[in-house]
Each structure stands twice: as structure tokens, then as C-alpha cells.
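J.: Counting in the numbering used here, the sequence shown tops out at residue 193, every number present.
Quick one: the structure is below, and I'll ask about it shortly.
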Amino acid sequence: MEVSEMSLSFSPSCIDQTPAIVYPCAACRILRRRCTDNCVLAPYFPPTDPIKFTTAHRVFGASNIIKFLQELPESQRADAVSSIVYEANARLRDPVYGSAGAIFQLQRQVKELQMQLAKAQAQLVSLQCEKDIFMTLICNETTSQMIDINMFDNFYPFDYPNNVSCSFDNLGMFPLEQIM
């Protein structure tokens, strides 16, 4: 009977079930502590991304991060971790101003670009005005030439032969056309 009990304990269904290997979260791994099922940091610092926790830990410290997350409702914790990591990265780049320094820099760039845009728009308006003035001058000059030519014809009448006529085109020139 003992042999049959042993064969039951090693049934194929037991062999197929492999225990799930649970890796500690990145925070517990870096802090070298045991990661429990109720670890506050585990959902937000997976073992595949240890740099995320390392950065936040350097700037804020693990105990401060844990306290901060415990005070928040679970629905807001993911956003809070994202903000903590962003601010930590900004603090490593700019220890004095952090993310505020990046915001100020972006605001300065926006102002500079707005000034460049205003200058470009002013130049565009100026060029459009110059074009309008130029077109007005061309139209006035063309009209003036046509009036001068018409006045010349009125002061010095010329009798054309029956088969030749004088006509004016839009540019104020008068080519002779022969009618046959």
C-alpha cells in the first residue's frame, strides 16, 4: 500500500504545475529586502525597470516615497510615481530648479518664438504693402502712358489710308495693323 500512495503523490498533474517564480520588485531588490505580497512599491517599480526606482530613491529616499504613496488613495498612486520619477530626473539634471527650471526654459523659448513670429508677420505685412504700392504705381504709369498717347493723337491728327488702322492695346502701345 505504501507504494500506491507514493505513486499517487507523484501523479502527472503535480509535475505539470510549476511554482511561479516571483521576483522582488525593483525597490526591494535595490534596498536588499524581502518583497512581500503587500509591498506598496511593487506595482509601480517592476523588476524589469530598476533605474526608475534608483533615480527616485537618490533624490527623495525610499522611506519618503513609501510614506507619500501610503497617504494617497490607490487610484492616484500611479500618477504620483510618474511625477516623482519625472521630478527626480529633473533634479538630477538641474539640482537647484528641477522641473521648474525646465518649465522656465520652455516659457522663455515660447516668448522668443512669439517674438520671431511677430517680426515675421510684420515683415509679411510690410512686403504686402510694398507689393500693393508697386502694383498701384504700375497701374498708374500704364494709365498715364495711355492718356499721353491719346492726347498725342488728339493734338496731331493723322489721316490713315483706308487699308491701315491704329489700335491701342492694354499696355499703351499702338501697333499698326493692315486690313485687307
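Where is the CB? At the ideal position from N, CA and C, for every residue including glycine.
1. If the criterion is Cβ atoms closer than 7 Å, does the pair Ala101 and Ala55 meet it?
2. Are the beta-carbon atoms belonging to Ala115 and Ala103 less than 7 Å from one another?
3. So Leu45 is in the alpha helix (DSSP H); what residue range does that whole segment cover?
4. Between the segment 42–54 and the segment 73–87, are three or more C-beta pairs nearer than 8 Å?
5. Mind the definition here: the segment 118–129 touches the segment 90–101 only if three or more C-beta pairs lie below 8 Å; say whether that holds.
6. Compare the C-alpha of Thr67 against each of Val94, Arg121 and Arg47 and name the closest.
7. In this structure, does DSSP put Asn153 in helix, strand or coil?
8. Can you list, in chain order, the stretches of the alpha helix (DSSP H) that have 4 or more residues and sit fully within the segment 43–127?
9. To the nearest angstrom, how far is the alpha carbon of Pro63 from that of Tyr110?
10. Would you mind giving the Cβ-Cβ distance between Val72 and Leu105, rounded to the nearest angstrom? I have them listed as a contact below 8 Å.
11. Buried or exposed for Val138, please, with buried defined as at least 16 other CB atoms from any protein chain shown within 10 angstroms of its CB.
12. According to DSSP, simplified to helix, strand and coil, what is Cys142?
13. Using the C-alpha atoms, what's the distance from Leu140 back to Cys152?
T.: So, to answer that:
1. No, they are not a contact pair.
2. yes
3. Inspection of the sequence shows that residue 45 is occupied by Arg rather than by Leu. If you look at Arg45, you'll find it isn't in any alpha helix (DSSP H); DSSP assigns it neither H nor E.
4. yes
5. Short answer: they don't touch.
6. Val94
7. DSSP, reduced to helix, strand and coil, places Asn153 within a helical segment of the structure shown.
8. With a minimum length of 4 residues, the continuous alpha helix (DSSP H) runs that stay inside the segment 43–127 are 63–73, 75–84 and 87–106.
9. 25 Å
10. 7 Å
11. exposed
12. DSSP places Cys142 in helix when its eight states are reduced to three.
13. 18 Å
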